[in-house]
Amino acid sequence: PFANNLKMAPVLVLWLAMCLGATWAVDRGNFKTCDQSAFCKRQRALKPGDSPYRALLETMELTNTRLTLQLINDNNKVRLLLELYRLQGNITRVKINELKPLKPRYEVPDVLIRDPPTEPLSVLSQDESGVVLSLGVESQRVIVSVRPFRLDIMEGHDVLMSLNSRGLLAFEHLRMRKDTGAQYTLVVFDFQATKEEEEKAEEGMWEETFKSHSDSKPNGPSSISLDFSLPGVEHVYGIPEHADDLKLKTTDNGDPYRLFNLDVFQYELYNPMALYGAVPVMLAHNAQRTTGIFWLNAAETWVDISSNTAGKTVFGKMLDYVQGSSEIPQTDVRWISESGIIDVFIMLGPTPKHVFSQYASLTGTQSFPPLASLGYHQCRWNYNDQEDVRSVDAGFDEYDIPYDFIWLDIEHTDGKRYFTWDPHKFATPKEMLQGLMDKKRKMVAIVDPHIKIDSNYKIHNEIRSRGFYVKNKDGGDYEGWCWPGNAGYPDFTRADMRAWWASMFAYDQYEGSMENLYTWNDMNEPSVFNGPEVTMHKDAVHGDWENRDVHNLYGLYVQMATADGLVQRSGGVERPFVLTRAFFAGSQRYGAVWTGDNAAEWDHLKISIPMCLSLGLVGISFCGADVGGFFKSPTPELLVRWYQTGAYQPFFRAHAHLDTPRREPWLFGPENTALIREAVRQRYTFLPYWYQQFYHAYRTGEPVMRPLWVEYTQDPATFAVDDEFLIGQNLLVHPVTEEGARGVTAYLPGKEEVLLSGLTSTPSRSTTIPVFQRGGSIIPRKMRVRRSSSCMEHDPYTLYAALNARGVAEGELYIDDGHTFNYEKKEFIHRRLSFSNNVLSSVNLVPDSHFTTNSWIERIVLIGSSKPAKVTLKTADGNESQLEFDFDASMSVVTVRKPGMNAGADWTVTLQ
Amino acid sequence: MAVPCLLLVLLLLCGAASPVEVQRPRGVPLSKRQFYEEDKPFTCLDGSLTVPFDRVNDDYCDCKDGSDEPGTAACPNGSFHCTNAGFRPAFIPSSRINDGICAVIRMEKEKARMSGVFLELDKDGDGFVTVNELLPHSELDPDADGTFTETEAQGLLGGVDKVDAASFESVWNNIKEKFHSESHTDTPAPEETYQEETKEPASDNDSELYPDDDIPEDDDDEEDPEDEDLDEGDYKVVPYSASPKLCFPPMQSFFKLLNEGKNKSVSRNLEKEISFDFGASAEFAYLYSQCYELHTGEYIYKLCPFNRVSQKPKYGGSETNLGTWGKWAGPEDNVYSVMKYEHGTGCWQGPNRSTTVKLTCGKETVVTSTSEPSRCEYLMEFTTPAVCQEPQNVGTTFQGHEEL
């Protein structure tokens, strides 16, 4: 803003003062450690040992789809109900709830895409010590041990996973408060009442304060915990979002990894603190098998990891025949959540791709984004006015750098009232949008979920009059401070609220919007400047539930409603594009995420790789980090390196803080401008490949940006690599993330059959991005880079085939209209390109698909080929023609000149 | 279906029919015509490769330097020469060919053309177009009775004897339909071109130019007419192909202004003034002790040259110092084009505010715009006659300096 425009409320200033304070590091004091979070402290005080829980076999009921069984805590006699399901696709679901809770406990809705289809369970054997159930396939069994209660999932002689093997199943049953009298009028069951006396009321059970914030905890203690043992596993991944390595660390000597959506100002790297989003999914991998654990709980969650290579774990007598020696490495994991129930999905692989598919069958896949959103995004807090937008837009033309989206942050609004425009700076938004549209470019404007409390603001009035705001513990509308000052928070957990919100994106509701305007949801943890840990009070009320129960879901719901709005405004025709900062399991269905407010530091560039890799592993492929770093100002070298990295990450957006100097790509001298231009242009040449990868992610749930171990599952050297990564199967990228680097050492996995061909020479200069195409792959590219991706729609393709040692290569080509849902009606071209026996052919993968393109094949580049005598094109109608080609003997590259066939046609090209 | 706008514009800009035809592939500037000889093999301009001539503009990039595809988008580093008939010629990157976007922004062209005509009319270069300078253009005769009288010319000038560049815009609207440039009297009236260009930009469908993408021969139909006009454009624009900088009253005007006592402070603050750099000929001295305001929606910006820049909210609130006089900060060859004001009120957690003032030539001394491209770093556009320089004077002055 201009000087003196900081019409901030005192509280905001105070908050900023605290956070902007003397150092750049996060103010850890603003955020809880496990010790400061009462339930985490209570739970963590419980050490591994004999579980007090015992299975009551006489209560066992087995139907075709479900086994139920009561568990009793022998200390307090509280009973739990265990439900066990075998789900289709090699997944086992374990649910544990109180048998008769005082009031219902929260079960997370709207995350699973359907009731997961089940498969039959059957009892293989049973005696007083336990039950053995068949899981149907591959001699998989579940062993239910009675005393102490535990579950072991086995395949053949191998234990894949054990639950409660360390006795850390802990369920804080709902109870009446003793000291201040009954909070509930419900009759308390005998067996509970008698046990209450055995339990001393611990600090923090009924009320908890953190800094100046009080959490009233009307339901008292309600936390849950369960442990999982993973024999043979040394590498576990996932549970984003953390600014940490890809391979999760053990937490014995520090805090557990925390999952609690928070707006963390200037987050620190390499620690387990919570960040903006939470996906409670962990993957475990060794050379033989990959498995996954999906802990479906939206409350504050902590995850402890320990590695026990000494083999402390004692197996029950039923497992004595297991051949495991004490030297088998083992990872033990413990999940702790503040409320809700235990509802865990055990995904049994056996390969990483099976786990992706299993998880996708539960929560859905990455939404298929509009092609343009895979281009480059230019953002800044803030482009000041329409003239600023116009001149930045013109700058991209002047410097011949492509881009697809320019972004407007909060200052574009009329006083931080979302869905409005500043009447002076953005007086004629449609004119501005039309100007962009004339160049086939697009815009994103921010719409945050905090709503300015202002009786002259339509959005606020409607939400208030419909009773759509989140309530405080006393029943009034919950209010907090955020950008607009005093703000309300719509209750996005309500379907009717979300439907109303979606309707606000209609062109006649959102004034100044047009079809090339898309949306960015920021601050949706939600961020509450004056709330505990800068978020909502846990005792705020969403319908029947506390924020405590639903907290990590809020951001998902905001993006869900917004994406629905963008779909609906087009009558269901156009794909939405919505970026979110907060997320949960399932958020992949609604758009893109970014890693929040990072900083212009080399370590932040580095961490962008494991952060996005971790998100990809748990379904969220459309991930990126602010290129250049949000806080602080990058050196030109860092900025260039960041562009070079971002160009090869899924969501490619530059962003900068309001207080930083301008950093559009052309502001750092001709040399740096040229380097940035080259990086962005490389991105655009690869757009056909990116697009196909996203189509694949949409179909399969496989990550677009993936760790090496996902493809090279048996190569332990890849298991902890997170300074390089793959895009799909075929591109390996090792970005330069060291200041002053003159080279990188890239690990090129794969043995004889996989030869990686360098697309570029050794990265000793700043001009080079270390990117390698896998030998054995074919990558379609568009080499005519234009002002935006839409301008390249009809351009021809160049096919890059890198032959492996056997002279074989394979790839795919996917084409559709780039922006509608018509692909669901099979309006696309999807072809398999394969080269073997010196014949390159294009074959339709989906015979009943129908789409036509103007694009043609302008060039075929065969890397690793010997020189042919002639090259012949044969088209579907049987016509044959000779093609010209060029042979570069030094690189063994054959370049076939202008074969000219349509990209959607059947054809073969034969080298003789 | 998209309207084939680009095709239309390219044809109109570069392809108005002309009986004189010089064979030249699409997108080739006249100056390079000799390298593109039909019936002879074509050698890439970097000498890297020689290919049959039918490879030129065949929509496949053969030359590393892109020179075989001046008229298509096939080469990533190619460029397309467009004469923008009637205006400045331009090279556009080949990536803009057939991208479905109109290549040229209308307003810029209109202004460029108007400026060019102003310069052409202002024969004595005094910064004014006079009745006498208008008279030779009999095509402007309002009643077309064959006699273009002084009164009629005065009428076109809005009832005055002369107009400056700023006022010329309204005159331009009256005459642009009829005006014929003397430098290309044999060309068709440019207004047709102009009118066509002002059509709304609309999308193009690439396939219009390449209905069958793999059959490049189809292009020929479109190329021929375009080639013809390229020739005309090339010489047509020579008179104002340089940057269309307006020339305003030469330096003596300012001394006159000063002498007339318009700037009383000169004598009063003479001592202090001496410490300021008022330019090579003290041409900026008249700005001293003056202040110039710009009112925006929220703020009043005030530039007091050689003193300070400030900002005051319109609706109450205190004034903020955006910087005090620092130095001239233009590029080496034009140091008096940019003023820097520094050490303004500190930004909270940020730098002190500072303002860069860009000076451009204009008759009025006025702040035309202000912005804050980066937080607390302001940019102000300021027009003043003091930066206007008569081209020949500049030349001699410069030479003299260098010789000394």
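Protein chains in written order, with the working numbering: chain A, -3 to 908; chain B, 1173 to 1576.
Just so it is clear, CB atoms sit at the ideal spot from N, CA and C, and this is done for glycine as well.
Do you know offhand how far A:Gly625's Cα is from A:Asp405's?
Indexing the first sequence from 1 puts residue 625 of chain A at position 629. Indexing the first sequence from 1 puts residue 405 of chain A at position 409. Looking at the two C-alpha atoms, the distance is approximately 16 Å.
Given a threshold of 16 other Cβ atoms within 10 Å of its Cβ, counted over all protein chains shown, does A:Glu421 qualify as buried or as exposed?
The residue given as residue 421 of chain A occupies position 425 in the first sequence. Note that residue 421 of chain A is Lys in the sequence shown, not Glu. It is buried - the Cβ of A:Lys421 has at least 16 other Cβ atoms within 10 Å.
When DSSP labels each residue in this structure, what does A:Thr424 get in the three-state scheme?
One-based indexing of the first sequence puts residue 424 of chain A at position 428. Of the three classes helix, strand and coil, the one that applies to A:Thr424 here is coil, per DSSP.
By the 10 Å Cβ neighbour count, where 16 or more other Cβ atoms means buried, how is B:Trp1210 classified, buried or exposed?
Taking the first residue of the second sequence as 1, we reach residue 1210 of chain B at position 38. The residue you asked about is not Trp; residue 1210 of chain B is Glu in the sequence shown. So B:Glu1210 counts as exposed.
Please list, in chain order, the residues of the stretch 373 to 394 of chain A that have any C-beta partner in chain B closer than 8 Å.
Listed in sequence order: Asn380, Asp381, Glu383 and Asp384.
Hey, A:Val128 and A:Leu120 are a contact pair by Cβ (cut 8 Å); roughly how many whole angstroms apart?
Walking along the first sequence from the start, residue 128 of chain A turns up at place 132. Walking along the first sequence from the start, residue 120 of chain A turns up at place 124. Right, the Cβ-Cβ distance comes to about 4 Å (below 8 Å), so this counts as a contact.
Just reading off the alpha helix (DSSP H) that A:Asp154 is part of, what are its end residues?
Numbered from its first residue, the first sequence carries residue 154 of chain A at position 158. Per DSSP, A:Asp154 belongs to no alpha helix (DSSP H); it is in the beta strand (DSSP E), Asp154 to Leu159.
In the DSSP assignment, find the alpha helix (DSSP H) that holds A:His350 and state where it starts and stops.
In the first sequence, the residue the question calls residue 350 of chain A occupies position 354. Segment Pro348 to Thr359, the alpha helix (DSSP H) holding A:His350.
Judging by CA-CA distance, which residue of B:Gly1299, B:Tyr1471, B:Ser1266 and B:Arg1205 is the nearest neighbour of B:Gly1250?
Translated into positions along the second sequence, residue 1250 of chain B becomes position 78. It is B:Ser1266.
When the Cα of A:Asn840 is compared with those of A:Ala885, A:Met887, A:Gly874 and A:Thr904, which residue comes out closest?
For the purposes of this step, residue 840 of chain A is taken as the residue at position 844 of the first sequence. Taking only the C-alpha atoms, the option nearest A:Asn840 is A:Thr904.
How far does the alpha helix (DSSP H) with A:Pro606 in it extend, from its first residue to its last?
For the purposes of this step, residue 606 of chain A is taken as the residue at position 610 of the first sequence. Unbroken alpha helix (DSSP H) run through A:Pro606: Trp598 to Leu613.
Taking CB distances under 9 Å as the criterion, tell me whether A:His231 reaches chain B.
Walking along the first sequence from the start, residue 231 of chain A turns up at place 235. For A:His231, the answer is no, since every Cβ of chain B falls outside 9 Å of its Cβ.
Quick one: which chain A residues come within Cβ less than 7 Å of B:Gly1469?
Within the second sequence, residue 1469 of chain B is the residue found at index 297, counting from 1. The contacting residues are His420.
Unbroken stretches of the alpha helix (DSSP H), 4 residues or longer, contained in the stretch 396 to 441 of chain A
425 to 434
Apply the 10 Å Cβ neighbour rule to A:Val636 and answer buried if 16 or more other Cβ atoms are within range, or exposed otherwise.
As a position in the first sequence, residue 636 of chain A is number 640, starting the count at 1. A:Val636 should be labelled buried.
Does the stretch 506 to 525 of chain A touch the stretch 436 to 443 of chain A, meaning 3 or more C-beta pairs lie closer than 8 Å?
yes
For A:Leu279, the first and last residue of its enclosing beta strand (DSSP E):
Numbered from its first residue, the first sequence carries residue 279 of chain A at position 283. Val277 to His281 is the span of the beta strand (DSSP E), which, as asked, contains A:Leu279.
Cross-chain neighbours of B:Tyr1232 in chain A, by beta carbon under 7 Å
Here residue 1232 of chain B is taken as the residue at index 60 of the second sequence, counted from 1. The contacting residues are Glu854, Arg893 and Lys894.
Look up A:Trp516 in the DSSP assignment and give the residues it is bridged to.
Indexing the first sequence from 1 puts residue 516 of chain A at position 520. In the DSSP output, where bridge partners are listed per residue, A:Trp516 has A:Ile442 and A:Leu575.
What is the rounded straight-line gap between the Cα of A:Ile324 and the Cα of A:Gln122?
Taking the first sequence and counting its residues from 1, the one referred to as residue 324 of chain A is at position 328. Taking the first sequence and counting its residues from 1, the one referred to as residue 122 of chain A is at position 126. Distance between the alpha carbons of A:Ile324 and A:Gln122: 29 Å.
Please report whether the beta-carbon of A:Met510 lies at a distance below 9 Å from any beta-carbon of chain B.
Working through the first sequence from its first residue, we reach residue 510 of chain A at position 514. A:Met510 does not count as touching chain B.
For a contact defined as C-beta to C-beta under 7 Å, what are the partners of A:Leu654 on chain B?
Translated into the one-based positions of the first sequence, residue 654 of chain A becomes position 658. Ordered by position in chain B, the residues that pass the 7 Å Cβ test against A:Leu654 are Arg1547.
Beta-carbon proximity of A:Phe618 to A:Gly587, cut-off 9 Å
Taking the first residue of the first sequence as 1, we reach residue 618 of chain A at position 622. Taking the first residue of the first sequence as 1, we reach residue 587 of chain A at position 591. The answer is yes: Cβ separation under 9 Å.
May I ask whether a heavy atom of the ligand SAH can be found less than 8 Å away from the beta carbon of B:Val1289?
The ligand content of the structure shown is nil, which means the ligand SAH is not present either.
Pop quiz: A:Val140 and A:Arg50 are said to be a contact at Cβ under 8 Å. What is the actual Cβ separation, rounded to whole angstroms?
As a position in the first sequence, residue 140 of chain A is number 144, starting the count at 1. As a position in the first sequence, residue 50 of chain A is number 54, starting the count at 1. So it is not a contact: roughly 11 Å between Cβ atoms.
Within chain A, partners of B:Asp1271 - CB distance below 7 Å
On the second sequence, residue 1271 of chain B is found 99 positions in, with the first residue counted as 1. Simply Arg782, Arg783 and Cys787.
For chain B, check one thing: does any of its Cβ atoms lie closer than 9 Å to the Cβ of A:Asp791?
Sequence index remark: in the first sequence, residue 791 of chain A carries index 795 (1-based). By this cut-off, A:Asp791 is an interface position.
Cβ-Cβ separation, A:Arg82 to A:Glu115 (assumed contact under 8 Å), whole Å:
As a first step, residue 115 of chain A is located in the first sequence; it is residue number 119 there, counting from the start. As a first step, residue 82 of chain A is located in the first sequence; it is residue number 86 there, counting from the start. Yes, A:Glu115 and A:Arg82 are in contact; Cβ-Cβ is about 5 Å, under 8 Å.
Can you check whether the C-beta of A:Met779 is within less than 9 Å of a C-beta belonging to chain B?
Reading the first sequence from its first residue, position 783 is the one you call residue 779 of chain A. Yes, A:Met779 lies at the interface with chain B (some Cβ there is under 9 Å from its Cβ).
Looking only at its chain, what residues have a beta carbon closer than 6 Å to the beta carbon of B:Gly1238, apart from the 5 residues adjacent to it on each side?
For the purposes of this step, residue 1238 of chain B is identified with residue 66 of the second sequence, where counting begins at 1. Result list for B:Gly1238: Cys1247, Asn1249 and Gly1250, in chain order.
In chain A, which residues lie with their C-beta within 9 Å of the C-beta of B:Ala1558?
Within the second sequence, numbered from 1, the residue matching residue 1558 of chain B stands at position 386. Under the 9 Å cutoff, chain A gives no residues; its nearest Cβ is about 26 Å from B:Ala1558.
Taking Cβ-Cβ distances shorter than 8 Å, what residues in chain B pair up with A:Asp396?
Here residue 396 of chain A is taken as the residue at index 400 of the first sequence, counted from 1. Residues of chain B whose Cβ lies closer than 8 Å to the Cβ of A:Asp396 are, in chain order, Pro1265 and Ser1267.
A:Leu170 and A:Leu98 - do their beta-carbons sit closer together than 9 Å?
Numbered from 1 along the first sequence, position 102 holds the residue referred to as residue 98 of chain A. Numbered from 1 along the first sequence, position 174 holds the residue referred to as residue 170 of chain A. Yes; because the gap between Cβ atoms is below 9 Å, this pair is in contact.
Look up A:Phe805 in the DSSP assignment and say whether it is helix, strand or coil.
Reading the first sequence from its first residue, position 809 is the one you call residue 805 of chain A. Reading off the sequence, residue 805 of chain A comes out as Ala, not Phe. Correct three-state label for A:Ala805: strand.
Distance between beta carbons of A:His533 and A:Phe256, contact taken as under 8 Å
Counting from one through the first sequence, the residue named residue 256 of chain A turns up at place 260. Counting from one through the first sequence, the residue named residue 533 of chain A turns up at place 537. Rounded, the Cβ-Cβ distance is 13 Å, inconsistent with contact.
Count the C-beta pairs between the stretch 482 to 502 of chain A and the stretch 554 to 566 of chain A that are closer than 8 Å, then say yes if the count reaches three, no if not.
yes
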